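A.B. asks: Protein chains in written order, with full-length UniProt numbering: chain W, 1 to 353; chain R, 1 to 353; chain X, 1 to 385; chain A, 1 to 385. Built from N, CA and C at the ideal position, the CB exists for glycine as well. Here the structure is a predicted model, which is why all the values come from computation and not from measurement.
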Amino acid sequence: MRELFESTMERLLADHVTPELVNSCEAGQWPQALWSLLEESGFAVAAAPEALGGAGASWEDLYPVVRACGRHTLPLPLPETLLANALLGHCGLEARNEPLGIAARSTLKLEGSRVSGTLHDVPWGRNVHHAVAIVGDANPVLVVLPRSRATCTERANVAGEPRDELHFDAVAPVASAGLPQGLSGEALWLGGAMLRSAQAAGALEAILQMSTTYAGERVQFGKPLASFQAIQHQLAVMAQHTGCVAVAAEAAFAEAGNSTELNAWAIAAAKVCAAEGTGVAAGMAHAVHGAIGFTHEHALQQATRRLWGWRSEFGNLSHWAQRLGRAVCAGGSTSLWPAVTANRLDLTLGEIA
Amino acid sequence: MRELFESTMERLLADHVTPELVNSCEAGQWPQALWSLLEESGFAVAAAPEALGGAGASWEDLYPVVRACGRHTLPLPLPETLLANALLGHCGLEARNEPLGIAARSTLKLEGSRVSGTLHDVPWGRNVHHAVAIVGDANPVLVVLPRSRATCTERANVAGEPRDELHFDAVAPVASAGLPQGLSGEALWLGGAMLRSAQAAGALEAILQMSTTYAGERVQFGKPLASFQAIQHQLAVMAQHTGCVAVAAEAAFAEAGNSTELNAWAIAAAKVCAAEGTGVAAGMAHAVHGAIGFTHEHALQQATRRLWGWRSEFGNLSHWAQRLGRAVCAGGSTSLWPAVTANRLDLTLGEIA
Amino acid sequence: MTAIAFRHHHIPAEAQALREQVRTFLAEALKERPPLRSADSWMGADPAFSRELGRRGWLGMALPRRYGGHEAGPWARYVVIEELLAAGAPVSAHWIADRQSGPLILRYGSEAQREKYLPGICRGETYFCIGMSEPNSGSDLASIRTRAVRSTDAKGGWVLNGQKIWTTNAHYSQYMIALVRTGDKTAARHEGMSQFIIDLQAPGVTVRPIRDLAGGEHFNEVFFDNVHLDQDTLVGAEGQGWEQVTAELAFERSGPERFLSSIALLHTLIDACGRRPDALQAKEIGRLVARLVGLRQMSLSVTAELAAGANPALAASCVKDLGTAFEQEIPELAQAVLDEPPVVGGGSDHAQVLAALMQMAPSFSLRGGTREILRGIIARGLGLR
Amino acid sequence: MTAIAFRHHHIPAEAQALREQVRTFLAEALKERPPLRSADSWMGADPAFSRELGRRGWLGMALPRRYGGHEAGPWARYVVIEELLAAGAPVSAHWIADRQSGPLILRYGSEAQREKYLPGICRGETYFCIGMSEPNSGSDLASIRTRAVRSTDAKGGWVLNGQKIWTTNAHYSQYMIALVRTGDKTAARHEGMSQFIIDLQAPGVTVRPIRDLAGGEHFNEVFFDNVHLDQDTLVGAEGQGWEQVTAELAFERSGPERFLSSIALLHTLIDACGRRPDALQAKEIGRLVARLVGLRQMSLSVTAELAAGANPALAASCVKDLGTAFEQEIPELAQAVLDEPPVVGGGSDHAQVLAALMQMAPSFSLRGGTREILRGIIARGLGLR
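#1: Is any beta-carbon of chain W found at less than 8 Å from that of R:Ala-230?
#2: For A:Leu-354, is the classification buried or exposed, using 16 other Cβ atoms within 10 angstroms of its Cβ as the cut-off for buried?
#3: Evaluate X:Asn-226 with the Cβ neighbour count: other Cβ atoms within 10 Å of its Cβ, from every protein chain shown; 16 or more gives buried, anything less gives exposed.
#4: May I have the straight-line CA-CA distance separating A:Ser-173 from R:Asp-137, to the nearest angstrom?
#5: Thinking C-alpha only, which one of R:Gln-301, R:Leu-110, R:His-298 is nearest R:Val-171?
#6: Is W:Ala-156 close to chain X, meaning its C-beta is less than 8 Å from at least one C-beta of that chain?
#7: Using CA atoms only, rank isn't needed, just tell me which of X:Glu-134, X:Asp-212, X:Gln-240 is closest to X:Ala-361.
#8: Note the first and the last residue of the continuous alpha helix (DSSP H) segment covering W:Thr-213.
#9: So, does the segment 260-272 of chain W touch the segment 202-221 of chain W, judging by three or more C-beta pairs under 8 Å?
#10: Would R:His-129 pass as a contact of R:Glu-154 if the rule is Cβ separation under 8 Å?
#11: From which residue to which residue does the beta strand (DSSP E) around A:Val-205 run?
#12: Rounded to a whole number of angstroms, what is the C-alpha to C-alpha distance between A:Gly-294 and A:His-350?
#13: Would you mind working out which of W:Pro-75, W:Asn-157, W:Leu-34, W:Ile-102 sits nearest W:Trp-308, comparing C-alpha positions?
#14: Pick helix, strand or coil for R:Gly-350, following the three-state DSSP scheme.
#15: Going by DSSP, what residues sit across from W:His-167 in a beta bridge?
#16: Quick check: is the beta carbon of W:His-241 nearer than 8 Å to any beta carbon in chain R?
#17: Express the C-alpha separation of W:Leu-82 and W:Leu-34 in angstroms, rounding to a whole number.
#18: Helix, strand or coil for A:Ile-165? Go by DSSP, reduced to three states.
#19: What is the DSSP secondary structure of X:Lys-320, counted as helix, strand or coil?
#20: Terminal residues of the continuous beta strand (DSSP E) containing W:Ser-176?
#21: Helix, strand or coil for W:Thr-73, going by three-state DSSP, please let me know.
#22: Applying the criterion that 16 or more other CB atoms from any shown protein chain within 10 Å of the CB defines a buried residue, is R:Asn-127 buried or exposed?
#23: For A:His-10, which option in A:Trp-242, A:Leu-160, A:Glu-284, A:Ala-76 has the closest C-alpha, if you only look at C-alpha atoms?
#24: Closer than 8 Å by beta-carbon distance: list the chain R residues that pair up with A:Arg-211, in chain order.
#25: Of all the CB atoms in chain A, is at least one closer than 8 Å to the CB of R:Glu-351?
#26: Going by other Cβ atoms of all chains shown within 10 Å of its Cβ, with 16 needed for buried, is W:Gly-277 buried or exposed?
#27: Does X:Ala-265 have its Cβ less than 8 Å from a Cβ in chain A?
#28: Relative to the C-alpha of R:Gly-284, which candidate in R:Asn-316, R:Met-238, R:Ser-318 has its C-alpha closest?
#29: By Cβ distance, which residues of its chain are closer than 6 Å to A:Trp-242, with the 5 residues on each side in sequence left out?
#30: Would you tell me roughly how many angstroms separate the C-alpha atoms of R:Gly-202 and A:Phe-25, rounded to the nearest one?
#31: By a C-beta neighbour count over all protein chains shown, 10 Å radius and 16 as the cutoff for buried, is R:Met-1 buried or exposed?
#32: Our contact map puts A:Leu-118 next to A:Gly-60 with C-beta atoms below 8 Å; I'd like the distance itself, whole angstroms only.
#33: Pull out every residue of the segment 316-336 of chain A whose Cβ sits closer than 7 Å to any Cβ of chain W, in chain order.
#34: Looking only at its chain, what residues have a beta carbon closer than 8 Å to the beta carbon of X:Pro-135, apart from the 5 residues adjacent to it on each side?
#35: Among residues of its own chain, excluding the 5 on either side of X:Gly-369, which ones have a beta-carbon nearer than 6 Å to its beta-carbon?
#36: How far does the alpha helix (DSSP H) with X:Ile-121 in it extend, from its first residue to its last?
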């Protein structure tokens, strides 16, 4: 399934996501035609079980899809919709073939059968049909809230992608269910971090490719940029981080597999590698491109600005690094290597500090 | 005075401190002949007032002397003796023309007219004649303790320089005095950090010089190392940090001047720059030199190992950076720029956390 | 070891005395200015503010009095400039005129040029941009193709054709000082170039803004289509443009603008971390403060050398390269040590300033010489090439 | 984008099954070993330990059974090696023989050579070193001058003269596999080189240890003065030495030894920071852990490609260069985040391990290809040169 997903998605995005489209979306457009294609192709619901209207795809299958969204800077909440539908499926709720929002952080409270409060940083909050959130600490419940009943405060991340606040006042969810065994109340935070690490992997591949191509074409001081040792070294370092992020993110998806439980250890490692790789590679890509990469038309900055935005979303470098560090220290040095080889350690240990 | 100090010291050390001498000292030798030269030339007591047997030299005058000790990796406690005699002078005590130890950290307690406890990390503790420490928090007193009355546990820093523990049991100081107004109970810690930043400045200059020379001579792939862009860039970055440490350290000495009070702000900045510059430059110097720089005979490693040792002594990078950071945060952003331009901010604010 | 002899320098007391005046003025003048605009110091143009600085005698400070200047010496100028930048004052309108064009015209210009341009610069009314880069030239200025040829008609002078690009502030400057070819096409790469003062209102000049990644318009393309240049628009000697520009660049590489570009973000970060930062925040803020202290000392050292008539190209390049690294590190660290994402169009001051500087920062290593150029200069200074 | 296709790989279950066995053995075998000695894994030689590994079937694992090997496949070997290195086991004695010389002899050696050397390697009794660098050659192996010329006397074979330097472990190895010149002096730089197995006890061989910065003796100079080499000491084809060495190096650049060299210090750092690290310590330790996880995944990806018969030179160089940066970062961070100076001859385990690795770390980017060499390979793989 994975190969089919990958090739279909790559073709679809390569055909439709142009720098012009991305710019028009930053200016406020919602590319309905492209979203309809994604709905028709079944990607929006792919992560839900077949019995609930999805394709039963595992996270391992979906890794190249999310990575491709990053590589092409898709200006639509497809990764978020995949996650939302996966969670609906785990909770036994019907998949929704529509743009869905997710809110990992909120002030939501359940009062009887209605919820009130604010969802923070909802990707494309202004455009989605419903938003998915988890409410309650002791007995967490997944709720699906109609966007039409919310008031929206528009915000954007550094790349101009909508990250809105949705305010609900005594609104009845259109669906809700308690979380099943193994599904963390943090699932949207963990899942969001996992998605962003895969998108970062894709965008890093894109800027490496652009930089390599540009260095081969651009002539300075009578020879191609690519022939300067300093440029070669920068591209080599970019390649190293790009490879590291790609494989760390893939491991996070593979460890999640089809189970309800996401793997916090592998996700933390991937998100940290992605945040760090972004810092190294985005700066180098701009250094290689020079001024041209700063123009509003250039695809480079569409990728780098998203990388800068994504690395702060669902926990920045220190958030995830500190969780890893606290967990390892709490377990002592003898916990480290077994955790590395098992790709697993209980990160809730990290909450003690 | 400064120019005379600088040229005299440079000549003296260039003539006498060879890699062989440094190695023999690491193996346990005490170079008495060289120390006698330093005593005869008056450097050991230079920082004390003339009335108390010194030359009344300011720290600004002495900066090039301490930097030269670093550049030549002088295997003797001359910088520490300068500091000890400066403090004796501030306390109205007679200067001592002999090798002196300093202990910024100790468990020393004053009981009547006698002291007991352990002095930690005393440079050349096994060789000095007396050690200077400050005892007591409320009414701190400077004490001069006879080395002959201590038991010594021998330790060394990463460069093999003696950093011994001296244990005293009910020993009467040979001299003691309360600290005058303006002299901090931390004076040995601050002063030690100031000395190490100047030594680092000198050693960084030395390894830049060695690396530049080596890169010009060594041929690889048919051309001098110096002609490779990657090598040029590394040496350029080394030069930047070397310059930064030199001027930051000099500023710390200049701000201290002749006054009793050392400038914690300028010292903190210098020590942080030195620690960071060491990390960058020592690694690059070894990368440029390749395997030859690892041999026991080579002067490069004599300088880099001291740099690695010194950056941990009298507070590591984080110690001083956190003091700066806490002080600036406690004052709020509006305190930053006035402190930068005045080269001064009360760092005791930094102790609240 | 003398190649990089940085020496500690105190700013003389008479120059220091200016500091409080400038601070007091800025505290009042900028009190309503939100942090997001302070982040944009270089890019923020405010002609009224520039004229006010002119009135106060803080522009053209080093220029002779007979041209409207104040003969105030390099240290007074340094104090004023660092205070303006640290406060995030909107200096962009007059910046290039005050820093580069004025001194260039004084040094190489004719008496007529000095009289024509310098008084307006000192008043904060006359703005310049610098025409260097061209499409396909980038850092490689020797490859430029814009060309002035001797006019054959009665007016004399030259006729200019070609194009400049990435020209900061061309859209509101009255003049450009451009480096163009005047020699024959077979000349060596660095020969046959000259500098001209071009009136950007002249017929045949077209300025087209370039929209940047953050949506702003600071850069421009400037096209020259048979633009007539009078004889007295030539600055300095014909064919000496390369040498003149090279001397100018050394000046450009060591001032406080080479390490203060992200200072507004350091300010919001300090306040966002609060009075009791955690161990990570304290360490990284303190490390940045230490580097700031060190860079300023380096910059003062270079200023002293320039004041003494030396040409400290190596030291100046050290300040610029290390300073740029510092400016670029601030947004990286700010994003890493505080878990607050950068936000556009809302959110806290810190989140917005972070978003702005995150996007601007990569450009800091392009202006005034790329990292490769600077390190090449340093390597040459070390005797490596 | 396919040039650096790192893919996630699970280690197969049958190889994983070995892990607990190895761990249990190591926990017992190394329980008295102080951290300072664990820090010295590569450099620590312990022939008894090596023979014990041989007895357990954990050496020569990928070699055919008929030579004493175990035909265990690359994953089982990977598991054993990473467990040994993570535990800081003293692997130095057999390391090169097991990792490089054995596979080389299997691949290029004659049947007689295989029968002569491989069983001893599998038993942990026969140790090899590698003769590559020479004075004035450094990374530039094509410039080596040690030369074997055809013997003119009755015995046949070759006569070897010259010198190798920086030869790790030559002082206790029985054999060296050396790259030397056999072609005529006018041959191109990479031509006319061959590999020989040299008996280090043979007449004319002198091994002289080089004392290193920390006072240890791991490197050697090895001198050859008319050393006679039998015909059957030539490995592979005459004149093919360069190609053989190049293929060997790719194998050498992606294993866990390329990022685990400082693991003992990460262990002592974790314990020295304690169960409740501060914000700075938690962040830096966590960042290192994340990088370790990522590097291991990269290394597994390269192992899978090697197992599938590919030659992932670019990916392997990525692992080595990023892995070395990681190994070198650990002592830097350890010294920065905990205010405990490195100590020699006393003090805490952490202080002593820090002192040891601080001094060793710069060498990590010299062995197995310098940073410049590796980045050059990556750049070539990206199509840049």
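C.D. replies: On the basis of the coordinates in this document:
#1: Interface residue, yes.
#2: Counting of Cβ neighbours within 10 angstroms places A:Leu-354 among the buried residues, the total reaching 16 or more.
#3: Under the 10 Å beta carbon count, X:Asn-226 is surrounded by fewer than 16 other beta carbons and is classified as exposed.
#4: Straight-line Cα distance between these residues: approximately 60 Å.
#5: R:Val-171 has its Cα closest to that of R:Leu-110, out of R:Gln-301, R:Leu-110, R:His-298.
#6: Closer than 8 Å: yes.
#7: Residue X:Asp-212 is the option with its Cα nearest to X:Ala-361.
#8: Start and end: 187-217.
#9: Put simply, the segment 260-272 of chain W does not touch the segment 202-221 of chain W. Fewer than three CB pairs are less than 8 Å apart.
#10: Contact flag unset, no.
#11: Run containing A:Val-205: 205-211, per the beta strand (DSSP E) assignment.
#12: Roughly 25 Å between the two C-alpha positions.
#13: Nearest Cα to W:Trp-308 within the set W:Pro-75, W:Asn-157, W:Leu-34, W:Ile-102: W:Asn-157.
#14: Model confidence at R:Gly-350 stands at a pLDDT of 43, short of 50, so the residue's coordinates are unreliable; what they give is reported in the following sentence. If DSSP states are grouped into helix, strand and coil, R:Gly-350 belongs with the helices.
#15: Answer is W:Thr-118, W:Thr-151, bridged to W:His-167.
#16: Chain R contact via Cβ: absent.
#17: For W:Leu-34 and W:Leu-82, the gap between their C-alpha atoms comes out near 16 Å.
#18: Coil, per DSSP.
#19: X:Lys-320: helix per DSSP, three-state reduction.
#20: Where W:Ser-176 is concerned, the enclosing beta strand (DSSP E) starts and stops at 175-178.
#21: Residue state, collapsed to three classes: coil.
#22: By the 10 Å Cβ count, R:Asn-127 comes out buried.
#23: Scanning A:Trp-242, A:Leu-160, A:Glu-284, A:Ala-76 for the CA closest to the CA of A:His-10 turns up A:Ala-76.
#24: Within chain R, the residues near A:Arg-211 are Thr-295, His-296, Glu-297.
#25: Unreliable positioning characterises R:Glu-351 in this predicted model, as indicated by a pLDDT of 49, which lies under 50. A coordinate reading is not provided.
#26: By the Cβ neighbour-count rule, W:Gly-277 is buried, with 16 or more other Cβ atoms within 10 Å of its own.
#27: Just to set this straight, residue 265 of chain X is Leu in the shown sequence, not Ala. Not closer than 8 Å to any Cβ of chain A, the Cβ of X:Leu-265 fails to qualify, so no.
#28: Just to set this straight, residue 284 of chain R is Met in the shown sequence, not Gly. Cα-wise, what sits closest to R:Met-284 is R:Met-238.
#29: Excluding five sequence positions before and after A:Trp-242, the CB atoms of its chain that fall closer than 6 Å to its own CB belong to His-190, Met-193, given in chain order.
#30: About 50 Å.
#31: Taking a 10 Å sphere around the C-beta of R:Met-1, we find fewer than 16 other C-beta atoms and assign the residue as exposed.
#32: Sure, about 7 Å apart at Cβ, within 8 Å.
#33: Listed in sequence order: Cys-318, Asp-321, Leu-322.
#34: Taking X:Pro-135 as the centre and dropping the five residues before and after it, the same chain places the C-beta of Gln-163, Ile-165 closer than 8 Å to its C-beta, in chain order.
#35: Hits under 6 Å: none found.
#36: Per DSSP, the unbroken alpha helix (DSSP H) holding X:Ile-121 starts and ends at 111-122.
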